[in-house]
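*Asks:* In the numbering used here, the protein residues as written are 428 to 1163.
I'd like to ask some things about the structure below.
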Amino acid sequence: MTVEQLSRTDKGFIEQMEDASRRYAARAAERDGHREALERHGILFADTPERVNSRLSRLGVDWAMATAVERTPGTATTGTSLNLDRELVSTDLLALERFMGRNDLIGIDYLEGGSLAARSVGRITVRSPGSVLHGTGFLVSPSLLITNNHVLGSAEEATAGVVEFNLQAGTDGRPLVPVVFQLDPQSFFVTHRDLDFTVVAVSGRSRDGEPLTSFGRLPLKEARGKAVIGELVNIIQHPNGEPKQLALRDNQIVDVLDDHLHYSADTAHGSSGAPVFNDQWEVVALHHSGVPRRDLDGNVLAVDGTLWQPSMGEHRVDWKANEGVRISRILGTIQQFPLSGAAAALRAELFAAGSSLHAVEVPPSPATVLTGRTNGSAPQGPATDHGGQQHHATAGTISWSIPLHISVGLDPAAPQPQVAVFGTAPARPAATPSHVGAPAGTGSIDGRSPAERDLAAALLNLAASSTLPYYDQAGDQAAREAYYAGIGVDDPTALRLALTQRLESTHEHRPAYKPMRMLYPWVDLHPDKLLHGIYSGNSFTPQELMEADAAAEAARIGRWQEFMLHESAPGPEAIEAELDLLEASLPFNCEHVVPQSWFAKKEPMRGDLHHLFACEPPCNSFRGNIPYFDFPDFEEAVMQSCGRRETGKFEPSKGKGPAARATLYFLLRYPGRIGDEARELQRGALQMLLNWHRDHPVDLYEQHRNAAIAEIQGNRNPLIDHPEWAERIDFAGAWP
């Protein structure tokens, strides 16, 4: 089945180049801003916070770990950011450091992953009377290949086309035997001229009978966060139809458009139809064109400085920037094609391949080395395998096995591909609906359980913070003044509204609820570098609470797996009840001063560090979700170390000032969330909070907390920065 979406103008390669040039010129100001952000602040601040956080999540790390690595000087001997116990140096840390440009060292599996990815990339050849055209393409499912529309513009062209794999040199420098497959547009052919892509079926067996599946596939993924501005990318290609070549980390993403990526290189540029990879060998874009250098008259220049002519080929253009089509946009468009029958099934297969956790899928298959040709074009001799051993030719061939070891990361929050959805699709993928989910990441990755990975990340953050000053008063003073610039304090209602707007707009990074990773290692440390229970004042080392939370997380996952094993298709209510039971019976050492039940455990409230505090489980359970209260005879009453509790009332022994300021922050940041039910803190409790705020003033501990949270989330607590504003703000208006 053949389907084509036409644009108003037939676009060949030259027109694609002109369009890319116009897009590039229109974004000059944005690129300058990205470049300045990269130079001044680094890769964490060049792209949008949402995209950066998604990228970090796909790397298996969080914002706190990234900022800890960023502010820690590298060691002189290794170049790595942190001088840590080798047990803590996981693939997560190495990938993060490489992403941030802090470490040029990479694991050896990086080369193996690239070698596997390269197997799925082939040279497309289209022969017609008087001409031979070449391009690059790559397998994206067991049956389908993708390339550019200007490489394969019609089913008729594809009928005359073939794709060759193994058109490359072996490890000994001698050419491998190419494996040639006929294209099969009668089974599947879709093309889009504006986005410059074509997806076509490939015959299941080569001319020599080798199965197409032996060359694997590069699953295409709709998930966000595959690459960000400032990141280096890789391109595997057949430039000018030559043997397969690699541009390794030589292109840097300089801009992200709705449909395209722009990336620049000093030397290596892409060729039409080539896959553009991140460092995890996930395909982030389909290379299709670029921006050429021009003379004063606007003529395109060739690499030797002469005027470029189309007959020279695209590899002779003097490119100054590259352009690729974003994979997420291509996938969204493919879903809009009105397919049915076998073609729809092949499309569904494409999206099923994209749901794989692996960046590359290649079944074991030996590669064959060309040891001799009748025309004498290649000498005979032994070939060397990846392990350095030589294999002698048997019946004219040599083979080796490539070991497979690919590290993957789970992205539970990423939207999943939708298979074979017909009708008119939205221009952009819809947001994933909220739902009740299992404990994140219940599988083992890179040899570690999720609890072990979280504990390692927490210990890494703790090690990174150990060299930092506890509180930089001068720096925080400057940050505070800049943060509240332009906010007037004369009108109580206007002040509240202005603060609410400022707190929300600057809440750029919204970490999920993981106290082990961010709260315990740095945010909630007291000047003695210990954690103190907010209600009891009892002290703990950070490691104590980290290890306790890791044990609780592991137990939760184990019990969750038991639940799913014994329950047959539990509904949402049963799942939610089980998750609530797990959290209640295996609590973390953390207190939400605004109880989670008051906001239905929703993010970003649940993970907002401003109202999270270390708290041992007995005190956490003792308080429950009961509102704060001020007992008139508190000092004389018999009470536990955590405080005093009566029906519907709780007064803590310690931490009244921090608890009050955190609650007041919550009222400003999330107006209308507290007090909408009778069992929650009501408007009449405002004076109690203001009294606690006044009687227990801000100290060094809270100043440190506020500065640390601002560095992670972006927003601040006004009651810590300006205690005097408490009596000016119209807090009553923040209640429902």
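Note that CB positions come from ideal geometry on N, CA and C, so glycine has one too.
Quickly, what does DSSP pair Glu1018 with across the bridge? List them, please.
*Replies:* On the sequence shown, position 591 is the one that residue 1018 refers to. Answer is Phe1040, bridged to Glu1018.
*Asks:* Less than 6 Å between C-beta atoms, sequence neighbours within five positions excluded: which residues of the same chain meet that for Leu659?
*Replies:* In the sequence shown, residue 659 corresponds to position 232, counting from 1. Only Arg676, Gln679 meet the Cβ criterion.
*Asks:* Going by the DSSP bridge assignment, what does Gly564 pair with across the sheet?
*Replies:* Sequence index remark: in the sequence shown, residue 564 carries index 137 (1-based). According to DSSP, Gly564 bridges with Gly549.
*Asks:* Thinking Ile551 and Val590 are a contact (beta carbons under 8 Å), I'd like their distance in whole angstroms, please.
*Replies:* For the purposes of this step, residue 551 is taken as residue 124 along the sequence shown, with counting starting at 1. For the purposes of this step, residue 590 is taken as residue 163 along the sequence shown, with counting starting at 1. With a Cβ gap of about 5 Å, Ile551 and Val590 count as contacting.
*Asks:* Rounded to the nearest angstrom, what separates Gln1130 and Pro896 at their Cα positions?
*Replies:* Indexing the sequence shown from 1 puts residue 1130 at position 703. Indexing the sequence shown from 1 puts residue 896 at position 469. Their backbone Cα atoms lie some 13 Å apart in a straight line.
*Asks:* First and last residue of the alpha helix (DSSP H) that includes Ile984?
*Replies:* As a first step, residue 984 is located in the sequence shown; it is residue number 557 there, counting from the start. Counting along the chain, the alpha helix (DSSP H) containing Ile984 begins and ends at 969-993.
*Asks:* Using the DSSP secondary-structure output, state which residues sit across from Ile961 in a beta bridge.
*Replies:* Numbered from its first residue, the sequence shown carries residue 961 at position 534. Per the DSSP secondary-structure output, Ile961 pairs with nothing in a beta bridge.
*Asks:* Taking DSSP's pairing of strands, which residues face His696 in a bridge?
*Replies:* Along the sequence shown, one-based indexing puts residue 696 at 269. The partner list for His696 (beta bridge, DSSP) is empty, contrary to what the question assumes.
*Asks:* Per DSSP, what kind of secondary structure is Asn888 in: helix, strand or coil?
*Replies:* Residue 888 sits at position 461 when you count from the first residue of the sequence shown. Correct three-state label for Asn888: helix.
*Asks:* Going by the beta-carbon positions, is the gap between Arg546 and Gly643 smaller than 8 Å?
*Replies:* On the sequence shown, position 119 is the one that residue 546 refers to. On the sequence shown, position 216 is the one that residue 643 refers to. Their beta carbons are under 8 Å apart, which means Arg546 touches Gly643 by this criterion.
*Asks:* I'd like to confirm the pairing. Which residues does DSSP put opposite Phe608 in its beta bridges?
*Replies:* Position 181 of the sequence shown, counted from the start, is the residue given in the question as residue 608. Answer by DSSP bridge pairing, in chain order: Val590.
*Asks:* Within the continuous beta strand (DSSP E) that includes Pro719, where are the two ends?
*Replies:* Residue mapping note: residue 719 aligns to position 292 of the sequence shown, counting from 1. Start and end: 710-719.
*Asks:* Classify Asn667 as buried or exposed, calling it buried when 16 or more other Cβ atoms lie within 10 Å of its own Cβ.
*Replies:* Translated into positions along the sequence shown, residue 667 becomes position 240. So Asn667 counts as exposed.
*Asks:* Would Thr475 and Ile1139 be called neighbours here (beta carbons separated by less than 8 Å)?
*Replies:* Walking along the sequence shown from the start, residue 475 turns up at place 48. Walking along the sequence shown from the start, residue 1139 turns up at place 712. Contact flag unset, no.
*Asks:* How close, in whole Å, do the beta carbons of Leu566 and Leu645 come, if the pair is a contact with beta carbons under 8 Å?
*Replies:* Looking up residue 566 in the sequence shown gives position 139. Looking up residue 645 in the sequence shown gives position 218. Between Leu645 and Leu566 the Cβ distance is about 7 Å, and since that is below 8 Å, they are a contact.
*Asks:* Report the partner residues of Val626 according to the DSSP bridge assignment.
*Replies:* As a working note, residue 626 is residue 199 in the sequence shown. Beta-bridge pairing links Val626 to Ile573, Val617.
*Asks:* By the three-class DSSP mapping on this structure, what secondary structure does Pro919 have?
*Replies:* Counting from one through the sequence shown, the residue named residue 919 turns up at place 492. In this structure, Pro919 counts as helix in the three-state DSSP scheme.
*Asks:* Pop quiz: Tyr1055 and Ala1105 are said to be a contact at Cβ under 8 Å. What is the actual Cβ separation, rounded to whole angstroms?
*Replies:* What you label residue 1055 is simply residue 628 of the sequence shown in a count that begins at 1. What you label residue 1105 is simply residue 678 of the sequence shown in a count that begins at 1. Wrong, their Cβ atoms sit about 15 Å apart, outside the cutoff.
*Asks:* State yes or no: is the C-beta of Ala884 within less than 8 Å of the C-beta of Arg944?
*Replies:* In the sequence shown, counting from the first residue as 1, residue 884 sits at position 457. In the sequence shown, counting from the first residue as 1, residue 944 sits at position 517. Closer than 8 Å, so yes.
*Asks:* With 16 other CB atoms within 10 Å as the buried threshold, where does Ser767 fall?
*Replies:* Along the sequence shown, one-based indexing puts residue 767 at 340. Under this definition Ser767 is an exposed residue.
*Asks:* Quick one, which of Ser893, Val683, Val752 has its alpha-carbon nearest His619's?
*Replies:* As a first step, residue 619 is located in the sequence shown; it is residue number 192 there, counting from the start. Taking each of Ser893, Val683, Val752 in turn and checking the Cα distance to His619, the smallest one comes out for Val752.
*Asks:* Quick one: any contact between the stretch 455-468 and the stretch 624-644, if contact means 3 or more CB pairs under 8 Å?
*Replies:* no
*Asks:* Beta-carbon within less than 6 Å of Ala1087's beta-carbon, same chain only, minus the 5 sequence neighbours each way: which residues are those?
*Replies:* Here residue 1087 is taken as the residue at index 660 of the sequence shown, counted from 1. Hits under 6 Å: Leu1116, Trp1119, His1120.
*Asks:* If you count every other CB in all the chains shown that lies within 10 Å of the CB of Glu463, and 16 or more means buried, which is it?
*Replies:* As a position in the sequence shown, residue 463 is number 36, starting the count at 1. Exposed, because fewer than 16 other Cβ atoms sit within 10 Å of the Cβ of Glu463.
*Asks:* From the DSSP output, read off the bridge partner residues of Ala596.
*Replies:* Counting from one through the sequence shown, the residue named residue 596 turns up at place 169. DSSP lists Pro602 as partners of Ala596.
*Asks:* State the DSSP-derived secondary structure class of Tyr1055, mapped to helix, strand or coil.
*Replies:* As a first step, residue 1055 must be located in the sequence shown, where it is residue number 628. Residue state, collapsed to three classes: strand.
*Asks:* Measuring CB atoms only, is the stretch 912-926 touching the stretch 1006-1014, in the sense that at least three cross pairs come out at less than 8 Å?
*Replies:* no
*Asks:* Would the stretch 971-984 and the stretch 1013-1024 be scored as touching if the rule is three or more Cβ pairs under 8 Å?
*Replies:* yes
*Asks:* What are the boundary residues of the beta strand (DSSP E) that includes Ile663?
*Replies:* By 1-based counting over the sequence shown, the position of residue 663 is 236. Segment 659-664, the beta strand (DSSP E) holding Ile663.
*Asks:* Can you name the start and end residues of the alpha helix (DSSP H) that Val752 belongs to?
*Replies:* Counted from its first residue, the sequence shown places residue 752 at position 325. Run containing Val752: none in the alpha helix (DSSP H); it sits in the beta strand (DSSP E), 746-753.
*Asks:* Quick test of your reading: Ser630 and Phe608, contact by CB under 8 Å. State the CB separation rounded to the nearest angstrom.
*Replies:* Your numbering for residue 630 matches position 203 in the sequence shown. Your numbering for residue 608 matches position 181 in the sequence shown. Indeed, because the Cβ distance is near 5 Å, the residues count as touching under 8 Å.
*Asks:* Say whether the stretch 703-722 touches the stretch 552-560, bearing in mind that this needs 3 or more beta-carbon pairs closer than 8 Å, one atom from each stretch.
*Replies:* no
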